[in-house]
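Below is one structure, written out as structure tokens; the observations come after it.
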């Protein structure tokens, strides 16, 4: 078990919300992955949407839930002609954990009308070793790497060998280990399933996500996605991530930014 | 009148919310600027925050209010040690107009610990002509350009002369016309006060903002800011903006992305 569909399964509640059982596999130690939590919120919002596809999701990470039972509520702000806009909240007991604003619309698989980007150049997937669940130094367990197959470009994963490049760039391949192809909701996992960019900058310490915003640009083709994570600036107790995701047909399918707290020693 | 402080002034209501009078100057025709609305929401959220500086704000633009009276409500999600996280809503009558998630923390003016970016290269401010309030073709009035001094780099403003570059890049200088220096709240105006990037791509039509997320990276030094707006991808009815803002000391002070609906003819 631990498949994406199971791990995000919702049970309607009498009060209009949903029960969800946060799966321990979709976590780093006992902290559920932020993208996984956003996917759960998106799935709940989608049940209320008049439009089929998640196109935008901004989340504020208030406090981490634990794996186990949680409740999701969603509310339509406006169901318009072209889009449905909603808000959603995940809580555990009386603690709000993640709050989100979501937009659903109608995506397609057409080629871009214009593109200012090209997919990140990566070695073939078989030349990128699969990341293990034991984190650098063996200090913690990244359980999500059992259910998300992460294969980093060795030229950007020097931090695993104690040799960060200092460029602020980590890239690689991702696919769901259960064999499911990516879709707009599961892409929320993809935008948050790469190593923290601080690893490549020798920025030590824990960098919890404060806010994350993702846009889904089109329906992804079958197959693994390529992801590039870059950093713009580190300072004033903050580190950002800029994430771009391309599908097997070389099209941008998602982009995201996140701002994280940085606790320098 | 029309100064930023006046245009974002809040009057507490008995129900815990705030009355605000949306000023007609901070608008394109009769549509208040999205960044201005976010600044109003940030100011309301700030009154409830245990921390002094806006650091992150994600807004969902549900429907445009008109200039005139509106109501803002804000709610603390969590007041932690390092940050206060809130949500806020601007409504007019019974219509929710903008919903936002905000984070406040403690910024500083120190140099970045690490930076992966350099300020956009611009001609001196006096060599960048001030943009007028009459939009391309004389078809509409960009009133906000009376209260925000926008000076575009001529090499990126060919669209004004019917010669878009097709690169997806617009850059220039911005300052508040009332002489006030930028601060974290007014930077919300800065990240949304440049021309739509579609102008440089010959993407015709109205591109209303659906969601916008901004991060304030440090306290801006006095003086005008330099702004670069780029586009990543156009398609599936969507066009994105990526915005970076540097202060007079060459430091990144804000970054933002927005996703807009694109109505191709």
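Protein chains in written order, with the working numbering: chain F, -6 to 258; chain G, -6 to 258. Just so you know, even glycine gets a beta-carbon here, dropped at the ideal spot from N, CA and C. A quick note: this is a predicted structure, and the numbers were derived from the prediction, not measured.
{"Check": "Compute the beta-carbon to beta-carbon distance between residue 28 of chain G and residue 184 of chain G, rounded to the nearest angstrom, for a pair I have assumed lies under 8 Å.", "Outcome": "6 Å"}
{"Check": "Between residue 161 of chain F and chain G, is any beta-carbon pair separated by less than 9 Å?", "Outcome": "yes"}
{"Check": "Any chance the stretch 55 to 73 of chain G sits against the stretch 208 to 225 of chain G, with 3 or more Cβ pairs inside 8 Å?", "Outcome": "no"}
{"Check": "Ignore the nearest five residues each way along the sequence and tell me which others in residue 91 of chain F's own chain have a CB closer than 6 Å to its CB.", "Outcome": "30, 52, 54 and 83"}
{"Check": "Could you check the C-alpha separation between residue 44 of chain G and residue 131 of chain G for me, to the nearest Å?", "Outcome": "44 Å"}
{"Check": "Need the endpoints of the beta strand (DSSP E) that residue 52 of chain G sits in, please.", "Outcome": "46 to 54"}
{"Check": "Assuming residue 25 of chain G and residue 15 of chain G make a contact with CB atoms under 8 Å, what is their CB distance in whole Å?", "Outcome": "5 Å"}
{"Check": "As a quick exercise: from G:86, G:12 and G:19, pick the residue whose alpha carbon is nearest that of residue 181 of chain G.", "Outcome": "G:19"}
{"Check": "Going straight from the alpha carbon of residue 70 of chain G to that of residue 1 of chain F, what length do you get?", "Outcome": "24 Å"}
{"Check": "Quick one: list the residues of chain G neighbouring residue 227 of chain F, beta-carbon separation under 8 Å, in chain order.", "Outcome": "105, 106, 107 and 108"}
{"Check": "Given 8 Å as the limit, is there contact between the stretch 107 to 120 of chain G and the stretch 232 to 241 of chain G, that is, 3 or more CB pairs closer than that?", "Outcome": "yes"}
{"Check": "How about residue 177 of chain F and residue 227 of chain G: do their beta carbons lie closer than 9 Å?", "Outcome": "no"}
{"Check": "Over what stretch of residues does the alpha helix (DSSP H) that includes residue 37 of chain G continue unbroken?", "Outcome": "27 to 41"}
{"Check": "Kindly say whether residue 89 of chain F, judged by its beta-carbon, lies nearer than 9 Å to any beta-carbon of chain G.", "Outcome": "yes"}
{"Check": "Can you list, in chain order, the residues of its chain whose CB lies under 7 Å from that of residue 37 of chain F, leaving out five sequence neighbours each side?", "Outcome": "3, 11, 65, 67 and 81"}
{"Check": "Run through DSSP, which three-state label would residue 119 of chain F get?", "Outcome": "helix"}
{"Check": "Can you tell which of F:201, F:194, F:139 and F:175 has the C-alpha that lies nearest to the C-alpha of residue 256 of chain F?", "Outcome": "F:201"}
{"Check": "Does residue 123 of chain G get closer than 9 Å to chain F when you measure Cβ to Cβ?", "Outcome": "no"}
{"Check": "Residues of chain G with CB closer than 8 Å to the CB of residue 224 of chain F, please, in chain order.", "Outcome": "107 and 109"}
{"Check": "Show which residues of chain G have a CB atom less than 9 Å away from the CB atom of residue 101 of chain F.", "Outcome": "228, 229 and 230"}
{"Check": "Give the residues from the stretch 206 to 223 of chain G that approach chain F closer than 7 Å (Cβ to any Cβ), ordered along the chain.", "Outcome": "206, 208, 210, 211 and 223"}
{"Check": "I'd like to know whether the C-beta atoms of residue 98 of chain F and residue 230 of chain G end up nearer to each other than 9 Å.", "Outcome": "yes"}
{"Check": "So what does DSSP say about residue 137 of chain G, is it helix, strand or coil?", "Outcome": "helix"}
{"Check": "Taking 8 Å as the cut-off, is the CB of residue 131 of chain F close to at least one heavy atom of the ligand ADP?", "Outcome": "What this structure holds is no ligand at all, so the ligand ADP is not there to describe."}
{"Check": "Give the single residue among F:154, F:22 and F:-2 whose Cα lies nearest to the Cα of residue 193 of chain F.", "Outcome": "F:154"}
{"Check": "Just to confirm my understanding: we take residue 72 of chain G, look at its own chain, exclude 5 residues before and 5 after, and list those with CB closer than 6 Å. What are they?", "Outcome": "43"}
{"Check": "Among F:253, F:222, F:248 and F:246, which residue has its Cα nearest to the Cα of residue 232 of chain F?", "Outcome": "F:253"}
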